[in-house]
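Engineer:
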Amino acid sequence: MTRAKEQLYLTFAGKRRIYGKQEKRTPSPFVADIEARLRTHAVSAAKTPPKKGPSQLKLF
């Protein structure tokens, strides 16, 4: 954070798989310490596209 000159992007995963169990995640409490006027919340629309066609090849 100390080397960002103009913009800094903080990201987090909303869901995380830990030891095979999916858990909902929240931003770090330290983000709340940043002045509100300096923070902008945006939701990314970049999601992986759905797979097309069968997921497994047929053998016969």
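Each residue of the sequence shown is one higher than the one before, counting from 895 in the working numbering.
Don't be surprised by glycine CBs; every beta carbon is placed ideally from N, CA and C.
All values reported here derive from a predicted model rather than from experimental measurement.
#1: Can you tell me the Cα-Cα spacing of K899 and L932, whole angstroms?
#2: Tell me whether R933 sits in a helix, a strand or coil according to DSSP, three-state version.
#3: Closest to E917 by CA distance: which of A907, Y903, R897 and F924 is it?
Structural biologist: Looking at the coordinates:
#1: If I take the Cα positions, the gap works out to 14 angstroms.
#2: In the structure shown, R933 sits in coil (DSSP, three-state: anything other than H, G, I, E or B).
#3: Taking only the C-alpha atoms, the option nearest E917 is A907.
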